[in-house]
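Below is one structure, written out as structure tokens; comments come after it.
In the UniProt record's numbering, the protein residues as written are 1 to 678.
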């Protein structure tokens, strides 16, 4: 039967309780019957796929019917093997550990020695080699065998008969092709390594089915079939890491993992609302220039959300920029507020704009606060509802054409910067390769010049110095030309982009021009001092440009992605504008954060690299380790500085009158939108 994925495929059983006159669907070449047409069609389509394998020949990529035909033809060829040759061949096959190719070669060599009646070969006659056919084998004793042969003409007609010895017979080709022998081996066995004959076939030819001595302990019988019982290696040795983190088990060779520090959870908003808080704040910070909203800290936004005053400037400005975007880009909202509300969004009218939005989206859970907001009591709205309203506004703003165009601009800028960075890397690599080849050429020429006379050393030294100086100047000119070419290429790449920002392009060009000019001046000075300084300066300049590209690409980031996940699918986020590392539970209903370098080190030392998720997380933490640490330390220094100033004010004498210091916790109240255009 044909094989599916190298395994036998069972035919469908006929339905039970068939009626004599019942209509059925039958597959022609398997004789399977089905009552349901869909079952019949599915099975027929399965047979028509080229996924079947001929069991006898091993051919793959066949349909079921093609595999059946192939098996039939191969079986007919296998049946050409005489009965007298089958027993010797089967004895070689039984419990053989050879690969199929070597096993077939062994059988072919054996069959060359076994001559049976009916075999056609060549024999020596009158010092000539003529075709003949064996008619009878005559065994005279244990060592002497003679054959009665019939000599054949060109038409295979019998000319005469004679008795010859085995030394007079010659086989110019094997009696059977190796493909036939391969089919024979496959048809006679039900498993390989070791090859085991079918039980009935072995018994019919008197071949023992007992396991040989050398295989005992390696194979055994199970339900009448031979199975391989080779001792498996320990699971620890066969595991290839990394694997799923939950499957990782402690091992003696593991490093000492520290206990993971517990994240802080001292949020002002409910812990299940932190995700919405971060999403809204990150949107405002990412699109601040487009929205004309100057940046503020996450802490200020959190304090403003929880404040009991209804007219917090920070929140009013945040609402106002979203309303302006919706008026420009959302036709439904524009129709709702047109000629119905004051054109200018103020500290008084912003509530009306918000109520119109709640009326438009028709979310019952949020509309229940509409009357409260109209009465000027926004502070009485639940914190969770405040953040949900912000989320609805942000999602609506993201669908407007204004924000979409900005997103496309971000993507295009990142593409241009990425292409420029790749071009820079290719040029730097080519330059290094060229310098290496030049260095080899110079070293070869230096070795060739060592045979000059001593009286020519002074002149050669002077010429060499002159040549080095000229080469240095020429190299500097080349580097200036290359730098200008690169700047032009990058400049043109940005200017030809329809979505590229003019302001960022000017900044991009000015920074590159400034670095190029500094490099030129430095190279002119160094060329008079030491020519070898050019290489170090070039590498330093390339590294500075690479870092610049990385910074610029990050500025044009479209969205914030989490760093990775730990063993239990907790997600880790890092916002460089805030500095802290936030931890999100798999259900997104619990949040925490790390705010110190010690906590970051403790987190990294607790991650197990044998797990896929923790390995990827550790890789990202190592990649951004320097930047995360600098942000965390900066935040810690600012906090320490504020604490020190507060303590110094307390220790002052009461006789010294000093102006009262502003409370940092109330910074959100003093917020001013510096990017607002009236």
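In this text, a Cβ means the ideal position worked out from N, Cα and C, and glycines have one as well.
Boundaries of the alpha helix (DSSP H) in which residue i is found, first to last residue
i, result
"residue 176", "Unbroken run through residue 176: none, as it is neither H nor E."
"residue 315", "313–329"
"residue 278", "274–286"
"residue 70", "64–78"
"residue 133", "Segment 128–139 is the beta strand (DSSP E) holding residue 133; no alpha helix (DSSP H) there."
"residue 400", "Element bounds for residue 400: n/a, residue is neither H nor E."
"residue 122", "Careful: residue 122 lies outside any alpha helix (DSSP H), inside the beta strand (DSSP E) at 120–125."
"residue 88", "83–93"
"residue 372", "370–374"
"residue 9", "Taken as a continuous stretch (DSSP letters only), residue 9 belongs to no alpha helix (DSSP H), as it is neither H nor E."
"residue 19", "Careful: residue 19 lies outside any alpha helix (DSSP H) and carries neither H nor E."
"residue 355", "350–361"
"residue 171", "Taken as a continuous stretch (DSSP letters only), residue 171 belongs to no alpha helix (DSSP H), as it is neither H nor E."
"residue 97", "Here residue 97 belongs to no alpha helix (DSSP H), and DSSP marks it neither H nor E."
"residue 252", "Counting along the chain, residue 252 falls outside any alpha helix (DSSP H), and DSSP gives it neither H nor E."
"residue 608", "Neither: residue 608 is in no alpha helix (DSSP H) and is coded neither H nor E."
"residue 623", "612–623"
"residue 303", "298–306"
"residue 293", "Run containing residue 293: none; DSSP gives neither H nor E here."
Top-ranked residue by Cα proximity to residue i, from the options
i, options, result
"residue 621", "94, 562 and 251", "562"
"residue 744", "318, 632, 392 and 303", "Nothing can be reported for residue 744: it is not among the residues displayed for the chain, which extend from 1 to 678."
"residue 57", "181, 32 and 112", "181"
"residue 675", "159, 330 and 288", "288"
"residue 254", "609, 636 and 604", "609"
"residue 336", "349, 360, 314 and 343", "360"
"residue 25", "16, 41, 10 and 11", "41"
"residue 136", "43, 570 and 165", "165"
"residue 764", "384, 157 and 247", "Lying before the first or after the last residue shown, residue 764 is absent from the chain, which here runs from 1 to 678."
"residue 171", "163, 218 and 111", "111"
"residue 298", "672, 588, 48 and 577", "577"
"residue 358", "348, 386 and 345", "386"
"residue 83", "343, 115, 242 and 160", "115"
"residue 113", "324, 167, 261 and 76", "167"
C-alpha gap between residue i and residue j, whole angstroms
i, j, result
"residue 354", "residue 321", "12 Å"
"residue 307", "residue 250", "49 Å"
"residue 431", "residue 443", "18 Å"
"residue 126", "residue 149", "15 Å"
"residue 79", "residue 73", "10 Å"
"residue 244", "residue 207", "50 Å"
"residue 389", "residue 281", "13 Å"
"residue 151", "residue 144", "22 Å"
"residue 50", "residue 201", "31 Å"
"residue 184", "residue 36", "39 Å"
"residue 120", "residue 211", "37 Å"
"residue 398", "residue 284", "12 Å"
"residue 666", "residue 277", "19 Å"
"residue 412", "residue 315", "32 Å"
"residue 523", "residue 580", "Unreliable positioning characterises residue 523 in this predicted model, as indicated by a pLDDT of 43, which lies under 50. The coordinate reading is nonetheless provided below. Cα-Cα distance, rounded: 42 Å."
"residue 426", "residue 296", "40 Å"
"residue 401", "residue 394", "13 Å"
"residue 205", "residue 87", "6 Å"
"residue 623", "residue 368", "47 Å"
"residue 631", "residue 586", "26 Å"
"residue 47", "residue 16", "23 Å"
"residue 33", "residue 106", "45 Å"
Residue i - containing beta strand (DSSP E), residue span
i, result
"residue 221", "219–222"
"residue 581", "581–584"
"residue 574", "571–574"
"residue 189", "189–191"
Per DSSP, the bridge partner or partners of residue i
i, result
"residue 25", "34"
"residue 547", "According to DSSP, which records beta bridges pairwise, residue 547 is partnered with nothing at all."
"residue 150", "133 and 161"
"residue 591", "584"
"residue 341", "Residue 341 pairs with nothing; no bridge assigned."
"residue 53", "3"
"residue 564", "572"
"residue 243", "611"
"residue 155", "DSSP output for residue 155 lists no bridge partner at all."
"residue 225", "222"
"residue 216", "219"
Residue-level contact to chain C via CB, residue i, 9 Å cutoff
i, result
"residue 188", "The question asks about chain C, but that chain is absent: this structure has only one protein chain."
- [ ] Give a yes or no on contact between the stretch 87–102 and the stretch 184–191, applying the rule of three or more CB pairs nearer than 8 Å.
- [x] yes
Task: Contact between the stretch 307–316 and the stretch 614–631 (3+ Cβ pairs under 8 Å) - done: no
Task: Stretch-stretch touch, CB-based, cutoff 8 Å, three pairs: the stretch 600–608 with the stretch 256–263 - done: yes
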